[in-house]
């Protein structure tokens, strides 16, 4: 079991460019979560999918951020027109069921210049 | 909404000493309590979880105490060793939205040899 896989591990974009982050949850896990981690804000919940359906995106910035889960084997977090304040580590987690233990991936460190 | 305060933000102890990290929360409906460890460049690793009906849990040199009256959760690492050096996060969620985990800001633990 490879655990939760996130790619790329590091991404550098210029201001205004688009960034797409990928997450492959653990096989058989029905829930997928996205978090953002910064020094100032700590770990912030962004969004949650259950059985590929979006359940709660209350943590997602209303503009420029979107998340999808087109199939049970991967989810994407897309940030359009990236800004320096989007620089953070984006963590993906999956769990076997909706309230179960969350297993985290290593994260993608996004740097917006 | 739920507020979680974690202290101390930084902690240095000598090898063999104990290290105690404390979190306080505000929502009395909080039902799930967890501690995570994050090593450099890695995701979060779940150390231990307790439900609200548990006051104390010990596993492999770790002790979690839950004081519901004071809304306080603590993690005690007995006989810390250099491999315990990492950032530790407490995390809480309630029954209604068990998936929506609120994290503390983290404690950087440094165990000196």
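Protein chains in written order, with this note's numbering: chain P, 684 to 796; chain A, -14 to 98.
The C-beta atom is built at its ideal place from N, Cα and C for all residues, glycine as well.
This structure is a prediction, so every number in the text was calculated from the model and none was measured.
Minimum C-alpha distance to residue i - residue among the options
i, options, result
"residue 105 (chain A)", "P:731, P:696, P:796, P:786", "Nothing about residue 105 (chain A) can be read from this structure; chain A reaches only from -14 to 98."
"residue 749 (chain P)", "P:742, P:779, P:715, P:760", "P:760"
"residue 738 (chain P)", "P:709, P:773, P:686, P:716", "P:716"
"residue 45 (chain A)", "A:32, A:-7, A:36, A:80", "A:32"
"residue 39 (chain A)", "A:23, A:24, A:81, A:15", "A:15"
"residue 720 (chain P)", "P:709, P:742, P:710, P:688", "P:742"
"residue 5 (chain A)", "A:49, A:54, A:98", "A:49"
"residue 687 (chain P)", "P:763, P:745, P:711", "P:711"
"residue 3 (chain A)", "A:43, A:47, A:30", "A:47"
"residue 709 (chain P)", "P:698, P:792, P:778", "P:778"
"residue 685 (chain P)", "P:694, P:723, P:707, P:698", "P:707"
"residue 87 (chain A)", "P:726, P:793, P:722, P:730", "P:726"
"residue 84 (chain A)", "P:722, P:723, P:740, P:694", "P:740"
"residue 26 (chain A)", "P:730, P:692, P:722", "P:692"
Same chain, Cβ closer than 6 Å to residue i, neighbours up to 5 away in sequence not counted
i, result
"residue 696 (chain P)", "702, 765, 795"
"residue 89 (chain A)", "-11, -9, 8, 74, 75"
"residue 700 (chain P)", "765"
"residue 58 (chain A)", "8, 18, 51, 75"
"residue 690 (chain P)", "705"
Beta bridge counterpart(s) of residue i as assigned by DSSP
i, result
"residue 754 (chain P)", "P:757"
"residue 87 (chain A)", "A:77"
"residue 7 (chain A)", "A:-8, A:59"
"residue 685 (chain P)", "Note: residue 685 (chain P) sits in no beta bridge, so no partner."
"residue 739 (chain P)", "P:731"
"residue 95 (chain A)", "A:-3"
"residue 28 (chain A)", "None; residue 28 (chain A) has no bridge partner."
"residue 792 (chain P)", "P:693, P:772"
Close-in-space but distant-in-sequence residues of the same chain around residue i (CB under 8 Å, 5 per side omitted)
i, result
"residue 735 (chain P)", "752, 753, 754, 755"
Residue j beta carbon less than 8 Å from that of residue i
i, j, result
"residue 71 (chain A)", "residue 1 (chain A)", "no"
"residue 788 (chain P)", "residue 776 (chain P)", "yes"
"residue 784 (chain P)", "residue 714 (chain P)", "no"
"residue 62 (chain A)", "residue 69 (chain A)", "yes"
"residue 28 (chain A)", "residue 790 (chain P)", "yes"
"residue 758 (chain P)", "residue 728 (chain P)", "no"
"residue 95 (chain A)", "residue -3 (chain A)", "yes"
"residue 53 (chain A)", "residue 34 (chain A)", "no"
"residue 793 (chain P)", "residue 718 (chain P)", "no"
Residues near residue i in its chain [Cβ-Cβ closer than 7 Å; skip 5 each side]
i, result
"residue 11 (chain A)", "-13, -12, 56"
"residue 79 (chain A)", "12, 14, 15, 16"
"residue 763 (chain P)", "701, 747"
Within the segment 33 to 78 of chain A, ranges of the alpha helix (DSSP H) (whole runs, at least 4 residues): none
Interfacial residues, the segment 71 to 95 of chain A to chain B, with Cβ spacing under 9 Å: The displayed structure is made up of protein chains P and A, and chain B is not among them.
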